[in-house]
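J.: Count along the sequence shown from 1, add 1, and you get the number used in my numbering.
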Amino acid sequence: MASFDIFDTIEQLRKTDEAFCVATVLRTADATSAKAGGKAAITKDGRILGHLGGACVQRAVRASAQQALVSGAPQMIRVKPSEKVVNMTDPDGVQTFKSGCPSGGTVDLLVEPYQHAPRLVIFGESPIATALAAHAALAGFRVCVSETAKTDGDFQRFTPKTIGDLGVEPQDFVVVASQGKEDSAALTAALQTDAKHVSMVASHRKAETLTAKLIAQGLDPIRAARLKSPAGLNIHAIDPHEIAVSILAEVVLWRNSDKSKTEAHDEKRA
Numbered sequence: 002m003a004s005f006d007i008f009d010t011i012e013q014l015r016k017t018d019e020a021f022c023v024a025t026v027l028r029t030a031d032a033t034s035a036k037a038g039g040k041a042a043i044t045k046d047g048r049i050l051g052h053l054g055g056a057c058v059q060r061a062v063r064a065s066a067q068q069a070l071v072s073g074a075p076q077m078i079r080v081k082p083s084e085k086v087v088n089m090t091d092p093d094g095v096q097t098f099k100s101g102c103p104s105g106g107t108v109d110l111l112v113e114p115y116q117h118a119p120r121l122v123i124f125g126e127s128p129i130a131t132a133l134a135a136h137a138a139l140a141g142f143r144v145c146v147s148e149t150a151k152t153d154g155d156f157q158r159f160t161p162k163t164i165g166d167l168g169v170e171p172q173d174f175v176v177v178a179s180q181g182k183e184d185s186a187a188l189t190a191a192l193q194t195d196a197k198h199v200s201m202v203a204s205h206r207k208a209e210t211l212t213a214k215l216i217a218q219g220l221d222p223i224r225a226a227r228l229k230s231p232a233g234l235n236i237h238a239i240d241p242h243e244i245a246v247s248i249l250a251e252v253v254l255w256r257n258s259d260k261s262k263t264e265a266h267d268e269k270r271a
């Protein structure tokens, strides 16, 4: 452990595709093995890399980290002896956790989530698909494109059969821009992901026809209901780059609206 450096560990985790949390000890009172300024990284699967104190603190931090990863918001928590806990939220608004550890100490911690930029997964090799990839990269998205797409960027690539390897999450976005080339396979794969928002570059009528066929073949109607078509905001776009801008604008709108709803929910809970 002598060579362990929490900041090196955090940097290594940032290079992966997995979200994680960083917990910092803010204050301690009475006897405790935790020390103010102590830091640890908490992985998505609950591993704690670093030292924050005993088992009671670790259990609380794991639970808080899971909440932070879901909400995307930092969590302030307090771990203190069971006999001192009156409510699960202290008068100062800090969430409390009961500790049965013999040390009898109290620890205040800040648990901060680190989430990578959302992915924009683009099916197809059409001019709109390649234009969208270029614009999305400039906007800070992690762009994933079809294996056969002719793009200049160093993007992660996939096929309908390997889409599962990307680990698409609800906060990611999927756009089907296949435009007549293996539309059914692309749309099926897109709707099987966990992305909250899926759109397709096609008329509403074409998208309805395709999804009806997929539902008849066994696709869950709830998954199909996520599809929005035509993709993009109505800015009277004409050429591929203008259409790509309209699609990206809609994705940004979705992203920021989802973020605002999460923040409002967290404020209401507080």
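Built from N, CA and C at the ideal position, the CB exists for glycine as well. Quantities reported herein were computed from a predicted structural model and do not represent experimental measurements.
Measure from the alpha carbon of Ala191 to the alpha carbon of each residue in Gln172, Ile43 and Leu228, then state which is nearest.
T.: Residue 191 sits at position 190 when you count from the first residue of the sequence shown. Cα-wise, what sits closest to Ala191 is Leu228.
J.: Just to check my reading of the structure: Val62 and Ala24 have Cβ atoms closer than 8 Å, yes? What is that Cβ distance to the nearest angstrom?
T.: Counted from its first residue, the sequence shown places residue 62 at position 61. Counted from its first residue, the sequence shown places residue 24 at position 23. Val62 to Ala24, Cβ: 5 Å. Contact.
J.: So the candidates are Asp31, Ala250 and Thr29; which of them puts its Cα closest to the Cα of Phe142?
T.: For this step, residue 142 is matched to residue 141 along the sequence shown. Checking every option, the nearest Cα to that of Phe142 belongs to Ala250.
J.: Whose CA, out of Gln116, Gly181 and Ile236, lies closest to the CA of Ala16?
T.: Here residue 16 is taken as the residue at index 15 of the sequence shown, counted from 1. Just to set this straight, residue 16 is Lys in the shown sequence, not Ala. Of Gln116, Gly181 and Ile236, the residue nearest in Cα terms is Gln116.
J.: Apart from the five residues just before and just after Asn235, which ones in its own chain have a Cβ nearer than 8 Å to its Cβ?
T.: To locate residue 235, count along the sequence shown from 1; it is residue 234. A distance below 8 Å between beta-carbons, with the five flanking residues on each side excluded, links Asn235 to the following residues of its chain, in chain order: Ser247.
J.: Is the Cβ-Cβ distance between Ser258 and Ala232 less than 7 Å?
T.: Here residue 258 refers to the residue found at position 257 when the sequence shown is read from its first residue. Here residue 232 refers to the residue found at position 231 when the sequence shown is read from its first residue. Cβ atoms of Ser258 and Ala232: not closer than 7 Å.
J.: State the beta-bridge partners of Phe174 as determined by DSSP.
T.: Start at 1 with the first residue of the sequence shown, and residue 174 comes out as number 173. DSSP, once it has assigned bridges, lists Leu121 and His198 as partnering Phe174.
J.: For Ala64, I'd like the list of residues in its chain whose CB is within less than 6 Å of its CB, leaving aside the five on either flank, ordered along the chain.
T.: In the sequence shown, residue 64 corresponds to position 63, counting from 1. Answer for Ala64: no residue qualifies.
J.: Along the alpha helix (DSSP H) that carries Lys16, what are the first and last residues, could you check?
T.: Against the sequence shown, residue 16 aligns to sequence position 15. Looking at the DSSP string, Lys16 is not in any alpha helix (DSSP H), and its letter there is neither H nor E.
J.: Going by beta carbon distance, what residues of the same chain come within less than 8 Å of Ala69, once the five residues before and after it are set aside?
T.: Here residue 69 corresponds to residue number 68 of the sequence shown, with the count starting at 1. The residues are Cys22, Pro75, Gln76, Val112, Glu113 and Pro114.
J.: I'd like to know whether the C-beta atoms of Ala245 and Ile123 end up nearer to each other than 7 Å.
T.: Counted from its first residue, the sequence shown places residue 245 at position 244. Counted from its first residue, the sequence shown places residue 123 at position 122. Their beta carbons are not under 7 Å apart, which means Ala245 does not touch Ile123 by this criterion.
J.: Considering Pro92, what are the terminal residues of the beta strand (DSSP E) in which it resides?
T.: Counting from 1 along the sequence shown, the entry for residue 92 is found at position 91. Premise fails: Pro92 is in no beta strand (DSSP E) and is neither H nor E.
J.: Along the chain, where does the beta strand (DSSP E) containing Lys40 start, and where does it finish?
T.: Here residue 40 corresponds to residue number 39 of the sequence shown, with the count starting at 1. Looking at the DSSP string, the run of the beta strand (DSSP E) that includes Lys40 is Lys40 to Thr44.
J.: By Cβ distance below 7 Å, which residues in the same chain neighbour Arg256 in space, the five residues on each side in sequence not counted?
T.: On the sequence shown, residue 256 is found 255 positions in, with the first residue counted as 1. Here the set comprises Pro119.
J.: When we look at the beta-carbon of Phe156 and count the other beta-carbons within 10 Å, is it buried (16 or more) or exposed?
T.: In the sequence shown, residue 156 corresponds to position 155, counting from 1. Classification of Phe156: buried, given that the 10 Å Cβ count is 16 or more.
J.: Excluding the 5 residues preceding and the 5 following Gly154 in the sequence, name in chain order all residues of the same chain whose CB lies nearer than 7 Å to its CB.
T.: Numbered from 1 along the sequence shown, position 153 holds the residue referred to as residue 154. Ala134, Ala135, Ala138 and Val144.
J.: In chain order, what residues of the same chain lie with their CB nearer than 8 Å to the CB of Ser127, ignoring the 5 residues before and after it?
T.: Reading the sequence shown from its first residue, position 126 is the one you call residue 127. Ala178, Ser179, Gln180, Lys182, Val202 and Pro241.
J.: At what residues does the alpha helix (DSSP H) containing Val169 begin and finish?
T.: For the purposes of this step, residue 169 is taken as residue 168 along the sequence shown, with counting starting at 1. Judged by DSSP secondary structure, Val169 falls outside any alpha helix (DSSP H); it is assigned neither H nor E.
J.: With DSSP as the reference, please indicate the residues paired to Glu113 in a beta bridge.
T.: Your numbering for residue 113 matches position 112 in the sequence shown. DSSP, once it has assigned bridges, lists Val23 as partnering Glu113.
J.: Rounded to the nearest angstrom, what separates Ala132 and Ser230 at their Cα positions?
T.: Residue numbering aside, residue 132 sits at position 131 when the sequence shown is read from its first letter. Residue numbering aside, residue 230 sits at position 229 when the sequence shown is read from its first letter. Near 18 Å, if we compare the C-alpha coordinates of Ser230 and Ala132.
J.: Thr29 bridges to which residues according to DSSP?
T.: In the sequence shown, counting from the first residue as 1, residue 29 sits at position 28. Answer is Val108.
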